[in-house]
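The structure appears right after this line, and notes come after that.
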Amino acid sequence: MRKFSKNRFYFVLLVSLQVADWAFTLTGIYAFGTSVEGNFLFRFLFQHFHWMAVITFFKSVVVVGSFYLYNSGRHGAVRLGAIYYFLIVFCPWVYGLGVLTKR
95 MRKFSKNRFY
105 FVLLVSLQVA
115 DWAFTLTGIY
125 AFGTSVEGNF
135 LFRFLFQHFH
145 WMAVITFFKS
155 VVVVGSFYLY
165 NSGRHGAVRL
175 GAIYYFLIVF
185 CPWVYGLGVL
195 TKR
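So for the sequence shown, our numbering puts the first residue at 95; every next one is plus one.
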């Protein structure tokens with residue numbers, strides 16, 4: 095078994111957050127087209143899909159850039175990328191869900 099590495103942990107965290115974000119966005123858009131037509135968040139995502147594509151592209155650049163930096167030994171940048179991704183991308187999703195559930 096390998097020794098625990100904080101650098102590997104942050105890298106796996108970053109990739110996991112990206113996959114979770116993609117899954118949430120894509121299932122939301124799919125659900126809007128099939129059965130959940132009254133959901134405000136998914137309707138918003140569907141109507142503004144072009145912006146979602148642009149934002150997802152930039153988030154992907156963060157993940158791919160972090161992968162490159164991780165392979166080149168710059169682990170501090172990967173930690174910074176994981177923290178950035180968590181604060182800037184993942185927390186607003188959670189906040190938005192909280193606001194929508196109160197409606």
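All C-beta atoms, glycine included, are put in the ideal place defined by N, C-alpha and C.
C-alpha distance - residue i paired with residue j, whole-angstrom precision
i, j, result
"Val106", "Asn165", "13 Å"
"Gln112", "Thr150", "9 Å"
"Phe103", "Ser110", "10 Å"
"Lys100", "Tyr179", "17 Å"
"Tyr162", "Ala117", "23 Å"
"Val155", "Val148", "11 Å"
"Phe152", "Gly167", "22 Å"
Beta-carbon proximity of residue i to residue j, cut-off 8 Å
i, j, result
"Leu108", "Gly175", "yes"
Assigned secondary structure, residue i (DSSP; H/G/I helix, E/B strand, else coil)
i, result
"Lys100", "helix"
"Gly167", "coil"
Counted within 10 angstroms of its Cβ, other Cβ atoms place residue i as buried (16 or more) or exposed
i, result
"Val157", "buried"
Beta carbon proximity, residue i to chain B, threshold 8 Å
i, result
"Phe151", "In the displayed structure, chain B is absent; only one protein chain is listed."
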